[in-house]
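Chemist: Below is one structure. I have some questions about it.
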Amino acid sequence: MVYLDHSATTPLDPEVLEAMLPYLTEEYGNASSVYGLGQRARQAIDQARDEVAAFYGVAAKEVIFTSGGTEGDNFAFRGVAQRNAERGRHVITSTIEHDAVLRSAEELEGEGFEVTRLPVDHTGLINPGDLARALRKDTILVSLMHANNEIGSIEPIAELVAVTREHSDAYFHTDAVQSTGKIPISVEDLGVDLLTMSAHKLHGPKGVGALIVRSGVRIQPQIVGGGHERNRRAGTENVAGIVGLARALTIAQRDMPKNTEHLTRLRDRLIEGVLDRIPRAELTGHPVNRLPHHASFLFQGVEGESLLLQLDMAGIAASSGSACTSGSLEPSHVILALGYPRERALGSLRLSVGKGNTDADVDLLLDQLPGMVARLRAMAPISAA
Ligand code: PLP
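In this note's numbering, each number is its position in the sequence shown, counted from 1, plus 208.
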């Protein structure tokens, strides 16, 4: 199989597995236990926390381990809203966020908060001027993603944070699930108060992530029980997962120059090849400010879902932003937010490469895709007009 869906998830790096294995086998202690076995687990978590902190340029106590990106996003929204509601009940986010953010925002609306959803331009970028106009005295949280999962666009977070600081006392959260490990990130340079990441997007294990919370940020714990994570997130620590997460970050940091070069080259071959060979194909997202591994397209007159099935039969794994919910095909909210009509938005395809991909993988895709698009167009499920 040729795997071109690294924005969905990534294979576990063998080095990560090796780091995790002792904590899945003989080092099974509970990090809260006083005897040696438990204390070794505690040390492993402490070391992992230091590594995560070093990666983002924050203090170790500002790292809270979670079960992944969804929990981090939920935690940021609920936790900040509950602890700061007396200061205001207005929250700002964007129309292109991941569902973990969008659904959290909807939930707050149900509890009487007001939510402003900023639009994006045709390339998926948020306009800092729009944010400046949306900020109010009672805004307590701004949550804007660092890079988009469907179209790869990288948002100008430092600039958006500066605008936020100028006009309000709101906290700034960024969902950095897709950008972590792909582009350099310094929490200090971005200026954010909270940042969500997830290990499985960068060759780490699934079901583990971190929420960075800068010192002084008022946030209400969402999972209560024991005193884990400095009383901010209860539950016996996922020691192997945490060790794997930290190792994945360390490897990503170490190999970033090499990987960026490799990924960018494959991505650019995909983009140029697809646009050259397929008429009425369009790149979605920003042409330059985009993740190094991410290529996303619209094909006029084609259903993305049908294309995925054809690709699967040819042994190629990719994804489309549209989803089949209760029997009817729904276009992606992200592609719609770019201003495309529904029929066009249905024809989306995302190809995201990883460090294990080769030129031969790109060749196969470029060889197969044009014929598939042509055949689907001939069947004309959607008007090719
Ligand atoms: N945020 C973004 C931008 C994502 O792409 C994802 C994963 O698809 C998530 C959040 C959710 O992360 P997780 O799968 O770790 O819950």
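Think of the CB as a built atom: it goes at the ideal place given N, C-alpha and C, for glycine as much as any other residue.
Owing to the predicted nature of the structure, the values given are computational and were not obtained by experimental measurement.
Using the rule of at least 16 other Cβ atoms within 10 Å of the residue's Cβ for burial, across every protein chain shown, is Arg373 buried or exposed?
Modeler: Looking up residue 373 in the sequence shown gives position 165. Under this definition Arg373 is an exposed residue.
Chemist: Below 7 angstroms between beta carbons: does that hold for Gly332 and Ile365?
Modeler: Here residue 332 refers to the residue found at position 124 of the sequence shown. Here residue 365 refers to the residue found at position 157 of the sequence shown. No, the pair does not count as a contact, with Cβ atoms beyond the cut-off.
Chemist: May I have a chain-ordered list of the beta strand (DSSP E) segments no shorter than 3 residues that lie completely inside the stretch 381-407?
Modeler: 402-406
Chemist: Tell me which residues share the same chain as Gly276 and place their Cβ nearer than 8 angstroms to its Cβ, disregarding the 5 neighbours each side in the sequence.
Modeler: Numbered from its first residue, the sequence shown carries residue 276 at position 68. So the qualifying residues of the chain are Ser406, Ala407, His408, Lys414, Gly415, Val416 and Gly417.
Chemist: With 16 as the cutoff for other CB atoms within 10 Å, does Glu480 come out buried or exposed?
Modeler: Stepping through the sequence shown from its first residue, residue 480 is reached at position 272. Exposed is the call here.
Chemist: For Arg488, does the count of other Cβ atoms within 10 angstroms reach 16, so buried, or fall short, so exposed?
Modeler: Taking the first residue of the sequence shown as 1, we reach residue 488 at position 280. By the neighbour-count rule (16 or more Cβ atoms within 10 Å), Arg488 is not buried but exposed.
Chemist: Quick one: does Ala460 have its CB under 7 angstroms from some CB of chain E?
Modeler: Looking for chain E here will not work: only one protein chain is present.
Chemist: Where does the unbroken beta strand (DSSP E) through Ser560 begin, and where does it stop?
Modeler: Position 352 of the sequence shown, counting from 1, holds the residue named residue 560. Taken as a continuous stretch (DSSP letters only), the beta strand (DSSP E) holding Ser560 covers Ser556 to Ser560.
Chemist: Where His436 and Leu478 are concerned, what is the direct C-alpha to C-alpha distance, given to the nearest angstrom?
Modeler: Counting from one through the sequence shown, the residue named residue 436 turns up at place 228. Counting from one through the sequence shown, the residue named residue 478 turns up at place 270. Each residue's Cα considered, the two are about 45 angstroms apart.
Chemist: Report the three-state DSSP secondary structure of Ala592 (helix, strand or coil).
Modeler: Against the sequence shown, residue 592 aligns to sequence position 384. Because the pLDDT of Ala592 is 47, which lies under 50, any placement of that residue in the model is unreliable, and the number read from its coordinates should be weighed accordingly. Coil at Ala592, not helix or strand.
Chemist: For a test of the three-state rule: what should DSSP assign to Leu506, helix, strand or coil?
Modeler: As a position in the sequence shown, residue 506 is number 298, starting the count at 1. Leu506 falls in the strand class under three-state DSSP.
Chemist: Looking at Ala284: is its Cβ nearer than 7 angstroms to the Cβ of Leu402?
Modeler: The residue labelled residue 284 in the question sits at position 76 within the sequence shown. The residue labelled residue 402 in the question sits at position 194 within the sequence shown. Yes.
Chemist: At what residues does the beta strand (DSSP E) containing Phe273 begin and finish?
Modeler: The sequence position of residue 273 within the sequence shown is 65, counting from 1. Looking at the DSSP string, the run of the beta strand (DSSP E) that includes Phe273 is Val271 to Thr274.
Chemist: Since Val299 is in the beta strand (DSSP E), which residue starts that stretch and which ends it?
Modeler: Counting from one through the sequence shown, the residue named residue 299 turns up at place 91. Here the beta strand (DSSP E) through Val299 covers His298 to Ser302.
Chemist: Would Asp221 be called buried (16 or more neighbouring beta carbons within 10 Å of its own) or exposed?
Modeler: Here residue 221 refers to the residue found at position 13 when the sequence shown is read from its first residue. Buried is the call here.
Chemist: With a floor of 4 residues, list each alpha helix (DSSP H) that falls wholly inside the stretch 350-386, ordered by position along the chain.
Modeler: With a minimum length of 4 residues, the continuous alpha helix (DSSP H) runs that stay inside the stretch 350-386 are 365-375.
Chemist: Would you mind stating whether Val602 and Gly529 have Cβ atoms separated by less than 7 angstroms?
Modeler: Past the boundaries of the shown model lies residue 602; the chain is included only from 209 to 593, so the question cannot be answered.
Chemist: Could you pull the DSSP bridge partners for Gly547 from this structure?
Modeler: As a working note, residue 547 is residue 339 in the sequence shown. Paired residues: none, contrary to the question.
Chemist: Taking the alpha-carbon positions, what's the Leu212 to Ala342 distance?
Modeler: As a position in the sequence shown, residue 212 is number 4, starting the count at 1. As a position in the sequence shown, residue 342 is number 134, starting the count at 1. Each residue's alpha carbon lies about 38 angstroms from the other.
Chemist: Closest by CA to Asn356, which one among Leu519, Ile524 and Thr492?
Modeler: Sequence index remark: in the sequence shown, residue 356 carries index 148 (1-based). Ranking the options by Cα distance to Asn356, first place goes to Thr492.
Chemist: Entirely within the stretch 426-511 and at least 3 residues each: give me those beta strand (DSSP E) ranges in chain order.
Modeler: 489-491 and 502-507
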